Each structure stands twice: as structure tokens, then as C-alpha cells.
Amino acid sequence: MLSGDMSLENPEFWMKQAYALADEAASLYGEVPVAALLVRNNLVLGKGTNERLRSERTTSHAEIIALEDYNLRFGRWRCEPGTSLVVTTEPCLMCTGALLWARVDHLYFGCEDPRGAGLRRVQPLINDGTYDHRFCTIHGGILGDECSAMMSAFFARMRVRKSIDSDFYFF
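Residue numbers (the numbering used here): 2 to 172.
In C-alpha cells, the structure reads:
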């Protein structure tokens, strides 16, 4: 584990940036409001929002898009030591695996996934010594109430829309 001085100095600042991106993606494109930022030394190295509706790709989660943005910008798949991922919602199983392989050092997430995202289930398995990489340090609940309220409001709007438009298909 890296020393604490390599973690983000102000995770709330970065979560506010991610929140704004997530809100914009939901407003403009109807995407589930999730956004992720890869940050190191107070610089954004990669960013992403959910793009599943726009791209029609199952794997277009915000965390994956942020990692791909980093890959394209810097031409490498492995993150530099001290890299943090800030994401508005607890990562799913797929994204948790991607964070492991990309060697992200610190994870800051907003709200928990009440349906049991991959993060809590996978972390004990990763830390049991089976993998030759260590998993990132996890900091949850950063602006958790705000992120949770944004998700709840989004899905409430989707339920209303679905009840009005029987042809509406979401997910």
C-alpha cells in the first residue's frame, strides 16, 4: 500500500467534478448518472461517463471509459503509482476487475450500490494472496448522500417515463 501522502488531498473537490459530469450525461443523453475521473498530482488523467445508451456497448461504464481515455492519452494500460479513481457510484464487478488490472492505487466512490456491486464482494478474494497485485485503498461515501439522491431522482424519472410510454425501453 502506498503511503497516505499519495492519496487525494481533497476528494470532495474531485467528487464534485465527477458529480457535475454525471449530471450532465444524464441531462444531455439520458445516461445513468455515473462519472469517473482518474486523478494524479491534482491533474485529471482520464475521465468518463456512462455511455451504454449512446454506444450500445455493455462495457461502456464510466470507469472503463475513464481508463480507456487514460490509455489513449498516455499510451499505456497501467496507471502511474499514486493514481486515484473518483467515481460517483460504487464500481460493479467488471469495473472492479479493471481497476485491479490497471493498478489504480486509490478508489474514492460516492454512493454504495444497494444491489451489491462487485467491489465489496471481490475485495476479500483479491486480498487473500491469490493475486500478485494488491488492490487499491477504498474510500467510500464521498458526497454519498448527494450522489445517492442523483441516482434516485434519475431512476424515479425513468419509472415515470416508462409508465407513460409503453414503448420506452431502458436497460
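Beta carbons are placed, not taken as given, at the ideal position from N, Cα and C, and that holds for glycine.
Remember, it's a predicted structure, so these values are computed and weren't measured experimentally.
- [ ] Name the residue from ALA154, GLY141, ARG160, LEU22 whose alpha carbon lies nearest to the alpha carbon of SER85.
- [x] For this step, residue 85 is matched to residue 84 along the sequence shown. Measuring C-alpha to C-alpha distances from SER85 to each of ALA154, GLY141, ARG160, LEU22 identifies GLY141 as the nearest.
Task: Extent of the continuous alpha helix (DSSP H) run through LEU97 - done: Residue 97 sits at position 96 when you count from the first residue of the sequence shown. One detail in the question is off: residue 97 reads as Thr in this sequence, not Leu. Counted as a single uninterrupted DSSP element, the alpha helix (DSSP H) harbouring THR97 occupies residues 94-103.
Open item on the list: Just verifying my parser: in three-state terms, what is the DSSP assignment at MET2?
Closed with: Here residue 2 is taken as the residue at index 1 of the sequence shown, counted from 1. Low confidence applies to MET2: its pLDDT is 29, below 50, so where it sits in the model is not reliable, and the reading given next is rough at best. In this structure, MET2 counts as coil in the three-state DSSP scheme.
- [ ] Specify the secondary structure class of LEU38 as computed by DSSP and reduced to three states.
- [x] Within the sequence shown, the letter at position 37 stands for residue 38. Strand at LEU38.
Task: For PHE110, the first and last residue of its enclosing alpha helix (DSSP H) - done: Counting from 1 along the sequence shown, the entry for residue 110 is found at position 109. Note, PHE110: premise wrong, no alpha helix (DSSP H); beta strand (DSSP E) at 107-112.
TODO: Could you work out which residue in LYS17, ALA37, LEU22, SER61 is closest to HIS107 when comparing CA atoms only?
DONE: One-based indexing of the sequence shown puts residue 107 at position 106. It is ALA37.
Open item on the list: Going by DSSP in three states, SER85 sits in which element: helix, strand or coil?
Closed with: Within the sequence shown, the letter at position 84 stands for residue 85. Strand.
Task: Candidates LEU100, SER56, CYS148, GLU57: closest to THR89 by CA position - done: One-based indexing of the sequence shown puts residue 89 at position 88. Selected option, being the one with the closest Cα: CYS148.
Open item on the list: Less than 8 Å between the beta carbons of MET159 and CYS112, yes or no?
Closed with: In the sequence shown, counting from the first residue as 1, residue 159 sits at position 158. In the sequence shown, counting from the first residue as 1, residue 112 sits at position 111. Against a cut-off of 8 Å, the Cβ pair of CYS112 and MET159 comes out as no contact.
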